[in-house]
Each structure stands twice: as structure tokens, then as C-alpha cells.
Amino acid sequence: MRWKFWRQASGVDVELARLERRVRRMDATTRAVFLMHRLDSLGCVEIAARPGVAVAEVERRMAEAMLLLIQADADD
């Protein structure tokens, strides 16, 4: 019970919901690359090997994802 109250009082739930909305706005490929990098801790070379795309494309998608998150943060 305390944990739930702390999360609500500290704004953690609000921040997580905001982040989830931002990630959902990404196109499917950018979202997949972002999640593999951030959640699975995979590097660009490892991610590129999975869907068979160039490392440069993975790097571009990561940059796009980070830019979308930064822009959304500025809009809030």
C-alpha cells in the first residue's frame, strides 16, 4: 500500500504513463529498435543482426527515437 501511495505522490505513475504514450507514437520499427536497445540492452550491431538491417539504419532509428522523446518532453 505504501508503495502505491509513494508512486502516485512522487509522480512516478504519471511519468511512466507519459513515457509509454511517447513510445507508442513511434513507428513500429523505431519502437522495436528503441525497446531492444533500452530494455534488452542490445547494441546497434546486435540489433541490426536481428531484423537484418544495416547498423547505420539502427543508429538512425535510435536517434529518431531519442529526438521524439526529447521533443515530446519539450511539448509537455
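For what it's worth, the working numbering labels the leading residue of the sequence shown as 10, then goes sequentially.
Where a beta carbon is used, it is the ideal one built from N, C-alpha and C, also for glycine.
Please determine, among the options, the residue with the shortest C-alpha to C-alpha distance to residue i.
i: R47; options: E24, A63 and M75; result: M75
i: E68; options: L78, Q80, R27 and C53; result: C53
i: L51; options: M71, L25 and A26; result: M71
i: E73; options: L25, A63, V42 and R27; result: V42
Please report the distance separating the alpha-carbon of residue i from that of residue j.
i: E29; j: A81; result: 12 Å
i: T39; j: D22; result: 24 Å
i: E66; j: R31; result: 21 Å
i: D36; j: L25; result: 19 Å
i: E55; j: L77; result: 23 Å
i: A57; j: A63; result: 6 Å
Can you tell me whether DSSP reads residue i as helix, strand or coil?
i: V62; result: coil
i: L28; result: helix
i: L51; result: coil
Would you kindly report the start and end of the unbroken alpha helix (DSSP H) that includes residue i?
i: L44; result: A37 to R47
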